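I have placed the structure first, in the form of structure tokens, so that the comments after it can refer back to it.
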Amino acid sequence: MPEVPQNTSAAEDSSEDRFRLLCEASAAGIFIYQGVRNVYANAAAEALTGYTRQALLAMRFWEMIHPDFRKLVQDRGQARQQGDAVPRRYRVKILTCQGTVRWLDYTGARIQFEGQQAVLGTAFDVTEQVEAEQALAHQKEQLAVTLEHVSTGVLSVDQSGCVAFLNHAGARILGIEGDACGRPAQDILRLFDERTGQAVPDPLADALQRAELITFQRPAVLRTGSGAERLLTCRAGPIRDRQGEVAGAVLAFEDVTTRRRLEEEAFKTEKLESLGVLAGGLAHDFNNLLCVIEGNLSLAGHCLALGHDLADPLSQALLACERSRGLTQQLLTFARGGRPDLSPISLSALLRSTVQFSLRGSAVEAEMQTEPGLWHVEADETQLGQVFHNLALNAVQAMPRGGRLWVRAVNLELDEAGSLPEGRYVRVELEDEGPGVAPELRSRIFDPFFTTKPQGSGLGLPMVHSIVQKHGGRIELRSRPARGACFEILLPAASRPLARPVPKSAPPGAEGGRVLVMDDREAVRKLLVSMLGYLGFESEAAADGAAALELFRSAQRAQRPFDLAILDLTVPGGMGGEETMQQIRRLDPACPGIVASGYSSGPCLNDYQSMGFAAALKKPFRLEELHSVVDRALARRTKRDRLADEEDLLSPGPVAVE
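My numbering numbers the first residue of the sequence shown as 91 and each following residue consecutively.
Below you can see the structure in the form of structure tokens.
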């Protein structure tokens, strides 16, 4: 430090000493310049600039300043010495002795030094802070540029819920023109539930309040100020300051209206294509069956004319009809859910008959292995037979040159609860020697309409899966490439004994009775009247419920009431079977009814008693099936009549009859 001139006052000497001590102890770089020259610099100034004190005192005060700021510092320093008003504090860049750039936080003040006007400058090195601020500003600039060029809308709010930032895409999606900053976000963001139409909670408000990420599980409907509606996906989250406190919230949203519309159109197109494949497959199968039916019936006509035996062509036509029934049941089961009509059945007998029939005419041989004393199962025999038929056909298609199909069935008790409840089950395995199923396809084999066969409908295995599940069971595939495929099925064992088979009864003849028939199809009405006539019944037919009720009332007035009503479940444009039966029971509570339908599901077929019917008849049906159902319904009426007679005998007085 240069010598401070000696003054005569001891107080001044003491003041100079204190000044020198304070400057040398200061962590801030201190400079004093008069005119254009530095006249003082402390040790911190040396450390700050890299120059020695002697070098600093030999410089003009602006020489160590970076060229970008040199003119500014020179002008302000001279103006300050002249007493002009200039900023006291600002940031400048300097060049150190080593040529590096440092940032200083500089403060200048006008003072008296050695009796003359001078400037006292203090400086702190803020290079790291400035570089951090510049990096942050650069990041903010990059982020702002990025957000302005993305298609996703970005909206941020402050703690009060007012808009702090809205990018271009967000303004376009929200239908905002002009600057939205400062407006309450709830004024421009009105969201509603897509299904219910109710307003949904504000995601930004939730993010501010709960201080966590908020994600909508499904898109929400945005209603803009112009009344337009758009479908948005939204995610909101809190914005935290350096102390971790919530300082605001940000919302990212995307307009998926067009995407949803395209997805729906693609889905419709895919389904139409799948339905086309399905329709083609069904038409192919039905054409084959109709060919067998029509051909054998025409052959039977010629045989009848020539006096030949009709048994073989008629049996072949009947067998094709049975296959047609199975095909329609398969479609109805898949389309409507097909709730099974459960009853105890012999699984071993069903397996053997179904698999042998399915393999007939193929080069595949069945190896049957069933455990002795195999438990019976609770099942719909028709539906479960379709399961085994489809799996056997799947094996035939997998082995076009022939092979073996192992069919195994064993009893199994599940002790540990898993995907199925604990209890008794029968495990059935159908394992082929085909090429197996590729690993990437195993997760899709039960998907509707998925097929690897050029002529396949993609309904076989999905229908199998659906039926097994509705029986309370489980089906799984085990397969390795070139090692075949094995389908494992678990079915609940029956808790009831097998029902005794109903013997085929002869036509009742003299037993007779009167039956009311209602069906909207004339061919079905004629068939029922003919079958009932063969069984010894007199019948009358109507096309809808209203006409049937008129026939029923007329028969009562003529004192020739009907003993039974067979009613079609569904009559397009007219009164159906359920409502007709309710009216009949008001006229004659003792008259039993049979509900008839071509659908495989529905409360009237699966729970017909709760609807007031005594029995159910599934279309198509054979003469034997009609006879059995009629006998069952009339037996219930006979039982009711017998109980009524017993009540009459026990009655203490006369009974009034309306």
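Ideal Cβ placement from N, Cα and C applies to all residues, glycine included. These numbers were taken from a predicted model, which means no experiment stands behind them.
Reference residue i; option with closest CA among the options
i: L677; options: K708, F642, P710, M701; result: F642
i: G77; options: C381, W152, K560; result: The displayed coordinates of the chain run from 91 to 748. Any statement about residue 77 would go beyond what the structure contains.
i: A326; options: A318, S316, Q307; result: Q307
i: S241; options: L147, A401, F343; result: F343
i: A704; options: E715, M671, L713; result: M671
i: F711; options: R110, E412, Q124; result: E412
i: R127; options: L111, R650, G198, V209; result: V209
i: G189; options: E204, L112, G338, G140; result: G140
i: E523; options: E231, K709, Q333, A575; result: A575
i: S687; options: A648, V176, C324, V614; result: V614
i: V516; options: L389, P462, V554; result: P462
i: V719; options: V685, F203, G562; result: V685
Buried or exposed (CB count within 10 angstroms, at least 16 for buried), residue i
i: P682; result: buried
i: V191; result: exposed
i: V592; result: Here V592 scores only 49 on pLDDT, less than 50, and its place in the model is too uncertain to base an answer on.
i: H717; result: buried
i: S405; result: exposed
i: T444; result: buried
i: D697; result: exposed
i: E218; result: exposed
i: Q476; result: buried
i: R316; result: This sequence places Ser at residue 316; Arg is not what is there. Classification for S316: exposed.
i: D277; result: exposed
i: I201; result: exposed
i: D399; result: exposed
i: Y624; result: exposed
i: A706; result: buried
i: A596; result: Legend: pLDDT at A596 = 44, less than 50; position of this residue unreliable, value from coordinates given subsequently. Label assigned to A596: exposed.
i: D658; result: buried
i: E612; result: exposed
First and last residue of the uninterrupted beta strand (DSSP E) at residue i
i: N128; result: 127-131
i: N501; result: 493-504
i: E578; result: 575-582
Terminal residues of the alpha helix (DSSP H) in which residue i lies
i: E640; result: 635-647
i: R564; result: Note, R564: premise wrong, no alpha helix (DSSP H); beta strand (DSSP E) at 564-569.
i: S246; result: Segment 243-248 is the beta strand (DSSP E) holding S246; no alpha helix (DSSP H) there.
i: R280; result: Taken as a continuous stretch (DSSP letters only), R280 belongs to no alpha helix (DSSP H), as it is neither H nor E.
i: P552; result: 550-560
i: V751; result: It is not possible to answer for residue 751, since the shown part of the chain is limited to 91 through 748.
i: D165; result: 157-171
i: T323; result: Run containing T323: none in the alpha helix (DSSP H); it sits in the beta strand (DSSP E), 319-330.
i: L510; result: Premise fails: L510 is in no alpha helix (DSSP H) and is neither H nor E.
i: F478; result: 471-488
i: Y624; result: 612-624
Contact belief for residue i with residue j at Cβ below 8 Å, rounded distance in angstroms
i: G243; j: G260; result: 3 Å
i: P434; j: G513; result: Their Cβ separation, rounded to whole angstroms, is 15 Å, which puts P434 and G513 out of contact at 8 Å.
i: S246; j: I329; result: 7 Å
i: L321; j: T347; result: 5 Å
i: V454; j: A485; result: 6 Å
i: A169; j: L146; result: That pair is no contact at about 22 Å.
i: G341; j: P274; result: Reading off the sequence, residue 341 comes out as Leu, not Gly. Wrong, their Cβ atoms sit about 14 Å apart, outside the cutoff.
i: H466; j: L437; result: 7 Å
i: A310; j: E284; result: 7 Å
Cut-off 7 Å between Cβ atoms - residues of its own chain near residue i, not counting five sequence neighbours on either side
i: L510; result: L504, R564, L580
i: L138; result: G119, A213, D215
i: D470; result: P430, D431, L432
i: T142; result: E136
i: M665; result: D634, G635, A636
i: Q673; result: L639
i: R568; result: C576, E578
6 Å CB neighbourhood of residue i in its chain, flanking five on each side removed
i: R108; result: none
i: I263; result: G243, D345
i: G173; result: none
i: S629; result: V605, V607, V619, L622
i: G599; result: Confidence in G599 is poor, its pLDDT being 41 and thus under 50, which makes the residue's placement unreliable; the coordinate value appears in the next sentence. These residues qualify, in order along the chain: G626.
i: R110; result: none
i: L483; result: S448
i: V280; result: For the record, residue 280 in the displayed sequence is Arg; it is not Val. So the qualifying residues of the chain are R313.
Same chain, Cβ closer than 8 Å to residue i, five either side skipped, listed in chain order
i: R181; result: W193, L194, D195, Y196, V216, V220
i: N386; result: P403, L404, Q406, A407, A410
i: V336; result: Q249, L298, A301, P328, I329, R330
i: R178; result: T197, G198, A199
i: H749; result: Given that the chain is displayed from residue 91 to residue 748, the structure contains no residue 749 and the question cannot be resolved.
Residue i CB to nearest heavy atom of the ligand FMN below 7 Å
i: P177; result: Ligands in the displayed structure: none, and consequently the ligand FMN is not present.
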